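Colleague: In the numbering used here, the protein residues as written are 1 to 254.
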Amino acid sequence: MPADLQPVLAHTALWMKGCSIKVFNAASLDTSLSIEHRAQEFHRIWYQYFKLRPHIQKMVDDFKRKHDFANKYVITLHYRGTDKYDHSAGSEDGPEHPPYEFCSALIKKIIKRSGRPLSNVVTFITTDEQPFIEDMKKENVNAVFTDAIRSNMNTSGLNLDFSRCAQGVIDSTPESKIYNELITQSVHRGMQDKSNYIKGRDVLVDAILLGSGNVFIKSRGNVSNQASWIGGPKMESLDMVNEFNACKKKSASG
1 MPADLQPVLA
11 HTALWMKGCS
21 IKVFNAASLD
31 TSLSIEHRAQ
41 EFHRIWYQYF
51 KLRPHIQKMV
61 DDFKRKHDFA
71 NKYVITLHYR
81 GTDKYDHSAG
91 SEDGPEHPPY
101 EFCSALIKKI
111 IKRSGRPLSN
121 VVTFITTDEQ
131 PFIEDMKKEN
141 VNAVFTDAIR
151 SNMNTSGLNL
161 DFSRCAQGVI
171 DSTPESKIYN
181 ELITQSVHRG
191 MQDKSNYIKG
201 RDVLVDAILL
211 GSGNVFIKSR
221 GNVSNQASWI
231 GGPKMESLDM
241 VNEFNACKKK
251 SASG
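1) Starting from Leu210, follow the alpha helix (DSSP H) in both directions and report where the run begins and ends.
2) Let me check understanding here. Comparing Cα to Cα, which of Leu118, Pro131 and Val74 lies closest to Tyr100?
3) For the pair the stretch 100-120 and the stretch 191-209, tell me if three or more CB-CB distances fall below 8 Å.
4) Along the chain, where does the beta strand (DSSP E) that runs through Leu238 open and close?
5) Exposed or buried, what is Lys249 when buried is set at 16 or more other beta-carbons lying within 10 Å of its beta-carbon?
6) State the Cα-Cα distance for the pair Ile208 and Val60, rounded to the nearest angstrom.
7) Which whole-angstrom value is the C-beta distance of Lys194 and His78, which I expect to be below 8 Å?
8) For Trp46, collect the residues of the same chain with a Cβ closer than 8 Å to its Cβ; drop the 5 residues on either side in sequence, then sort them by chain order.
9) Under the assumption that Gly213 contacts Phe145 (Cβ atoms under 8 Å), give the Cβ distance between them as a whole number of angstroms.
10) With a threshold of 16 other CB atoms inside 10 Å of the CB of Asp135, please say whether the residue is buried or exposed.
11) With a cut-off of 8 Å on the beta carbons, I'd call Glu96 and Phe216 a contact; round off their distance for me.
12) Could you check whether Ile110 and Ile75 sit closer than 8 Å to each other, using their CB atoms as the reference points?
13) Please classify Asn152 as buried or exposed, where buried requires at least 16 other C-beta atoms within 10 Å of its C-beta.
14) Can you have a look at Arg150 and say buried or exposed, based on whether 16 or more other CB atoms are within 10 angstroms of its CB?
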């Protein structure tokens, strides 16, 4: 691809003048490369070839300016809840749902480690769950967030076996009822009455902002993966599930 080619990003589709629509994702990269090398390549390609549509770029720039990303210590966190769980169709990247209080405690730990006063810290939160936003508002972490479509479900600490559940099939088990409620309430799988364009715009803006901090607390899945690739090697990334499991192991060992 010529270095002077400037494609325009329209969510997951890469539209190039004079060319047919192509899709760019992790599968577009050479799988013979190591995970670290692929992440570096995505980071390079993103900044070399991708250009946001002006109204999307303005949304990103305005949010960063409003919350002074340029001068503050920025912590970003992605909590993916209703869209992530083990079920009959797949393990969904081995998801877990840490309790909300664990997430706020982890943020406070990072703030303390930074040595910065709270007035010099901003925590950008993105999630598909409005209850998580409401919980973070109560915590003393200077939480900020975009106006996005979210579910009203709370998956804090959710630990149920959905491996035998199937979409649209509700039996007498509590797992089956909760599983189908998760699908209905899910932004990604449900909410058929909501604009898919708005859903895509929301997640695109959130992913870019997640990749714009000093420290990123990531969930499992494509949104967190792409945010970490956008942020690149200069941004510290912590896997929320790994941190949670390490905490549980430490507590169990006394």
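The beta carbon of each residue, even a glycine, is placed where N, CA and C say it ideally should be.
Source: prediction; values computed, not measured.
Modeller: On the basis of the coordinates in this document:
1) Unbroken alpha helix (DSSP H) run through Leu210: Asn196 to Leu210.
2) The candidate whose alpha carbon is nearest that of Tyr100 is Pro131.
3) no
4) Glu236 to Asp239
5) exposed
6) About 8 Å.
7) Lys194 to His78, Cβ: 20 Å. No contact.
8) Trp229 and Ile230
9) Actually they do not touch by this definition, with Cβ atoms about 13 Å apart.
10) buried
11) With 8 Å as the limit, Glu96 and Phe216 do not qualify as a contact, their Cβ atoms being about 18 Å apart.
12) yes
13) exposed
14) Counting the other Cβ atoms within 10 Å of the Cβ of Arg150 gives 16 or more, which makes it buried.
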